[in-house]
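Student: Here it is: the structure, laid out below.
Protein chains: 2
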Amino acid sequence: MDKSHLRNSITNAAHRNPALVIKNARVVNVFTDEIVEADVAVDGGIVLGVGKYSCANEIDAKGAYLCPGLIDGHVHIESSMAHPARFADVVLSKGTTAVIADPHEIANVCGTNGIYYMLGETEWIPLSVFMMLPSCVPATSFETSGAKITARDMEPFMSHKRVIGLGEVMDYVAATTPNGGMLEKLHLFRKLPIDGHAPMLTGDALNAYCVAGPRTDHECSSYEEVLEKVRAGMRIHLRLGSATHGIEEIMRKIAENGLPTRRMMVCTDDKHLEDIRREGHINYILKRAVANGIPAIDAIKMATINVAENYRLKGYGAIAPGCRADMVLFKDLVDFEPITVFTNGRVFVPGDESAPTRDPDIYNSVHLAPRRPDCLDLPVSGKMPILRLVPNELITELDTEEVPSENGLFRPANGLVKIAVFERHHASGRIGLGIMRGMPIRNGAIATTVGHDSHNLIAAGDNDRDMLLAVDALEACGGGYVVVSEGKVLAKLALPIAGLMSDLPVDRIIAAQKQMLAAAESIGVKSGTDPFITLSFIALPVIPSVRITDLGMFDVTKMALIAESDVN
Amino acid sequence: MDKSHLRNSITNAAHRNPALVIKNARVVNVFTDEIVEADVAVDGGIVLGVGKYSCANEIDAKGAYLCPGLIDGHVHIESSMAHPARFADVVLSKGTTAVIADPHEIANVCGTNGIYYMLGETEWIPLSVFMMLPSCVPATSFETSGAKITARDMEPFMSHKRVIGLGEVMDYVAATTPNGGMLEKLHLFRKLPIDGHAPMLTGDALNAYCVAGPRTDHECSSYEEVLEKVRAGMRIHLRLGSATHGIEEIMRKIAENGLPTRRMMVCTDDKHLEDIRREGHINYILKRAVANGIPAIDAIKMATINVAENYRLKGYGAIAPGCRADMVLFKDLVDFEPITVFTNGRVFVPGDESAPTRDPDIYNSVHLAPRRPDCLDLPVSGKMPILRLVPNELITELDTEEVPSENGLFRPANGLVKIAVFERHHASGRIGLGIMRGMPIRNGAIATTVGHDSHNLIAAGDNDRDMLLAVDALEACGGGYVVVSEGKVLAKLALPIAGLMSDLPVDRIIAAQKQMLAAAESIGVKSGTDPFITLSFIALPVIPSVRITDLGMFDVTKMALIAESDVN
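Residue numbers (the numbering used here), protein chains in the order written: chain A, 1 to 568; chain B, 1001 to 1568.
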């Protein structure tokens, strides 16, 4: 807001000169916990006042509930696979007018260029996008990321008006046994919001983590964990995305125990476009919170003023003079179905999003060395480590057994497939190879460049030719998802933006995803599971028990790469 | 906190290695509203954890209540008349471990030098002093201050770690009809905390004021005013200082109506040293809040986490791992009498304060032109404007009447005395002269360099010789308070620090104040009134109805100097 804008807003408030009046609303006041029947006057993107107003441009709320625009307290936009402007379009339709985004995924691929890209692409869109700088790039030292971001790299971002803190400190080991790099970051941000990510952390380790600086957590899996963390001064994001469970029981216990909700926020973290379209976004979390006994006003505060206060967003999270006119009109405070969404003082109209910028640094992120035909040869002798998928879970188990072989090389059979992680950032030619059970691909391969958190290229299949064809296909389109069978590409979703995001409209992304699933089913992956999500997490060396990175098979329980001697 | 300090604190939390343990406390948890029986581990000025701890250095709380250190949400340290280190000593004894200070008074005398001085003098003291930059220097254009502070002057302070926002915007007219200078300041601080000061402001003007940026108010005189301002998004400081009334009824109504207290803070604004010594400081406000029906935990939050959140003081206002170990042990949560005060992890020991720095820019603030013997001649003809004091109030009334004269000049008699405001910053020689009723001085004069807000030298008396002697005495000692009679100085309190603060120990300041009152009584000022406070506010051109500045008599209702033609 420049000076003349500020002056005009002040003057228009003093002289009752709005550009838009929302008449006859039940206005939710997050400061007094009241619902007030009133009109809301808006001008220049700002609320001028709540009271009796009229002007030439009126919208009749007809007694519906006018809430502050909802804020997602923690989200990775990249995981939607849509360009930020298109992601914005989908969530705005559900009443989410601001997000606290952590561009952790694109930063792991493109480094600070990725952060600049996300800031640039969100500068002029109707969704307010605030950024927490990714704290863990690379996420671990057991894989090769596209970039490394140090505290010094972060400094230039700190004066950016939408950069507000340090993103989720997933590496709680580094935070609590402070090493050079993480300590630098924690120190740099010590007076600003720092997000935590500390599943199951308790007792002395939790205390040390709090001393280190993180003051939020979105990973709680029980009410007891919530209680301990709130007592220790953390604010809790109640997370309800695509792959999260257990939060509703936590909500119920919060309500039952009367735990103050002032320290609670809500977030999606990762939620698929189709799920957002179908059930909602933050408004869906409010619906579930109310269904589980949390009073509607408290639920709304978790998605508005509580988030704004935590992240120091002055003028967000409330409907009051001087606040940004981000609002959503709900039919009721039970289902939270939006009637009209206002952003920056205007009625939000879906489908008006801007086109992606084709930044060559971001669009050319797949850098593979040439492959030799024998590059996937996997010599076997004696027992081999097997990565066994657990149905409907992200966790895996480590088995060791003898496997089928031919000429001393692994030969996929009996439900065992080959899995390969190609380092795809620096064209090093490095390939981590392993054996997987639980994704019984027949006569084909699937592959992706979305592979948390370093986003190397992951391919799985029962024959090397299809696997290599899948890699070729992804290399050609700048990354994405692909299904190949018998020398042919069956389905493909190009994700040219860092190998993570599509530049297509949302409808086409969702359609492509459905084709991908059908193609995967045709080569033996059973209906009802999403092999692409499974693959995307197969390289994340923080989820038990076993992973595979470009450096090889990795035992998460020992935090070490698996050597041949470990299994024989 | 430097990096090695941070690392040590993290490590000591992880390994349960405290330097001090407070055993067997009832720990007030402002996050969960619980009171938990526990030990508190402290090291390096930081709370490491709350639980079961022991170490070589233990303090047994014996079941007393351990609260976060109390925070005064808005105070002018200068008005205590003590040097900041000595002010700190007094308030720390009452459990106040941090203050949000607005160095408005010294800034009006010394400009940015005054702010640097206050920052410097509070750098190493055990009280945490955060600064809001004074927004109104000068306070009005109807008087001559020692300095003018523009937005550009403020910019260098914004990177100071203890400068946290813009101080009370008293000039609500400038804020709501935004002019160049105030608009610059509001724009500069638009994303940071801005304190308001808006007595009785309501409706459209209040809305415009909120749009302008201030988000707190400490001037509410009724519950209805509180409610309107909270609804509009302001946080309210419940102020209980030396000269404030009506706040207890507001507290009672807050409790009765169940108005959420999350948006409430407490402050003293101005409270005399003797009053603090006698009844308490922030702890006294908590006592009155509880006596008026506000739950103790809510009252405590008003003085701790609510203030810390509003002013973005990460690590303040709570007892939790990573928070600054500012704590106070109370016998009960009714009287709030402190047993032990901890600041920065140590037991506070009174009387250990540092000596004032004799900065020559600050210590030589009284710059008067030489006085001619006839400089106080006040020609009179016809009716004259009279400033009539209202007993026990700061407001005044404007009378007009014929007054005693001799050779065409005013001759004090019949309870009328002469009052003179000497411009004392720039040696301009300018003197504003007037006639006052209600302070019946006989055979003498009293004078002060404490004169809100420009702090010119104000003298009142019934003869010019004593008035001029009083001026000479204050000039000689660098400012202060003085009582003169029949050519002799009866009592004096030197305030050499900007003409506002003593560099004496607190006991001696209080003793001198008592002598001053006795001396004033001896020249006719009746017991029970404090003529020095009255004089100090006589030049403040924002309190109705009539004031006097170095520019002359001033009609506050018309916001204009009084011309001869106005009364005849």
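Yeah, the Cβ is synthetic: ideal placement off N, Cα and C, and Gly gets one too.
(1) Assign phenylalanine 1142 of chain B to one of three DSSP states: helix, strand, or coil.
(2) Mind checking if lysine 1191 of chain B is an interface residue toward chain A, Cβ cutoff 7 Å exclusive?
(3) Within this structure, are the beta carbons of alanine 13 of chain A and leucine 48 of chain A separated by less than 7 Å?
(4) Closer than 7 Å, CB to CB, is threonine 1112 of chain B near chain A or not?
(5) Have a look at threonine 340 of chain A and lysine 62 of chain A and give me their C-alpha separation to the nearest angstrom.
(6) Beta-carbon separation of proline 214 of chain A and valine 163 of chain A under 7 Å?
(7) How big is the Cα-Cα spacing for alanine 1019 of chain B and alanine 1308 of chain B?
(8) Buried or exposed: which applies to histidine 1197 of chain B, given that a residue is buried once 16 or more other Cβ atoms fall within 10 Å of its Cβ?
(9) Between phenylalanine 1554 of chain B and valine 1546 of chain B, how many whole angstroms is the CB-CB distance? I'm expecting something under 8 Å.
(10) Taking a Cβ distance cut-off of 8 Å, strictly less, list which residues of the stretch 1256 to 1271 of chain B are near chain D, in chain order.
(11) Can you give me the start and stop residues for the beta strand (DSSP E) that asparagine 113 of chain A sits inside?
(12) Using a Cβ cut-off of 9 Å, pull out every chain B residue sitting near proline 321 of chain A, in sequence order please.
(13) Identify every run of the beta strand (DSSP E) within the stretch 267 to 348 of chain A, keeping only runs that are complete inside it and at least 3 residues long; order them along the chain.
(14) Look up threonine 32 of chain A in the DSSP assignment and give the residues it is bridged to.
(15) Strictly below 7 Å CB to CB, what residues from chain B border phenylalanine 31 of chain A?
(16) Identify each residue in the stretch 177 to 191 of chain A for which the Cβ-Cβ distance to at least one residue of chain B is less than 8 Å, and report them in chain order.
(17) Just list the beta strand (DSSP E) runs in the stretch 1422 to 1503 of chain B, keeping only unbroken ones of 3 residues or longer that don't cross its boundaries, in chain order.
(18) Under 8 Å between beta-carbons, which chain B residues line up against lysine 3 of chain A? List them in chain order, please.
(19) Suppose contacts are defined by Cβ-Cβ distances below 7 Å. Is leucine 459 of chain A in contact with alanine 518 of chain A by that definition?
(20) Apart from the five residues just before and just after leucine 59 of chain A, which ones in its own chain have a Cβ nearer than 6 Å to its Cβ?
(21) Give the secondary structure of valine 1173 of chain B by DSSP, where H, G and I count as helix, E and B as strand, and everything else as coil.
(22) Decide if the stretch 467 to 485 of chain A is in contact with the stretch 439 to 451 of chain A; the criterion is three or more beta carbon pairs, one per stretch, under 8 Å apart.
(23) Of the choices A:Asp530, A:Ala303 and A:Gly322, whose alpha-carbon is the least far from that of histidine 74 of chain A?
(24) So what's proline 531 of chain A in DSSP terms, helix, strand or just coil?
(25) To the nearest angstrom, how far is it from the Cα of aspartate 503 of chain A to the Cα of lysine 492 of chain A?
(26) Quick one: is glycine 1049 of chain B near chain A, going by C-beta distance under 7 Å?
(27) Tell whether a beta-carbon distance below 7 Å holds between glutamate 1353 of chain B and arginine 1288 of chain B.
(28) Just mark glutamate 37 of chain A as buried or exposed, buried being the case when its beta carbon has 16 or more other beta carbons within 10 Å.
(29) The alpha helix (DSSP H) that contains glutamate 1248 of chain B, what's its start and end?
(30) List the residues of chain B that alanine 445 of chain A touches, going by C-beta distances under 9 Å, in chain order.
(31) Report the residues of the stretch 1014 to 1026 of chain B with a CB closer than 9 Å to any CB of chain A, ordered along the chain.
(32) Could you pull out every residue in the same chain whose Cβ sits closer than 8 Å to the Cβ of glutamate 274 of chain A, ignoring the five residues on either side in sequence?
(33) Rounding to the nearest angstrom, what Cα-Cα distance links alanine 255 of chain A and arginine 411 of chain A in this structure?
(34) Compare the C-alpha of serine 9 of chain A against each of A:Leu490, A:Arg324, A:Leu500 and A:Val542 and name the closest.
(35) Looking at chain B, is there any beta carbon in it that lies within less than 7 Å of the beta carbon of isoleucine 100 of chain A?
(36) Within 7 Å (strictly less), CB to CB, does lysine 253 of chain A reach chain B?
Tutor: With the structure as the only source:
(1) coil
(2) yes
(3) yes
(4) no
(5) 12 Å
(6) no
(7) 26 Å
(8) buried
(9) 7 Å
(10) The structure shown contains no chain D; the protein chains it does contain are A and B.
(11) First-last for asparagine 113 of chain A: 112 to 121, but that is the alpha helix (DSSP H), not the beta strand (DSSP E).
(12) Leu1206, Asn1207, Ala1208, Tyr1209, Cys1210, Val1211, Ala1232 and Gly1233
(13) 327 to 330 and 338 to 343
(14) Answer by DSSP bridge pairing: none, since threonine 32 of chain A is not bridged.
(15) Val1230, Arg1231, Gly1233 and Arg1263
(16) Thr177, Pro178, Leu183, Glu184, Leu186, His187, Arg190 and Lys191
(17) 1431 to 1437, 1444 to 1448, 1457 to 1461, 1480 to 1485 and 1488 to 1494
(18) Leu1183, Glu1184 and His1187
(19) Note on identity: in this sequence residue 459 of chain A is alanine, with leucine being the wrong assignment. For alanine 459 of chain A and alanine 518 of chain A, no; Cβs fall outside 7 Å.
(20) Reading the sequence as shown, one finds isoleucine at residue 59 of chain A and not leucine. Ile22.
(21) helix
(22) yes
(23) A:Ala303
(24) helix
(25) 14 Å
(26) yes
(27) no
(28) exposed
(29) 1247 to 1257
(30) Those within 9 Å of alanine 445 of chain A in chain B number zero; the least Cβ separation is about 45 Å.
(31) Ala1014, His1015 and Arg1016
(32) Ile510 and Gln513
(33) 55 Å
(34) A:Arg324
(35) no
(36) no
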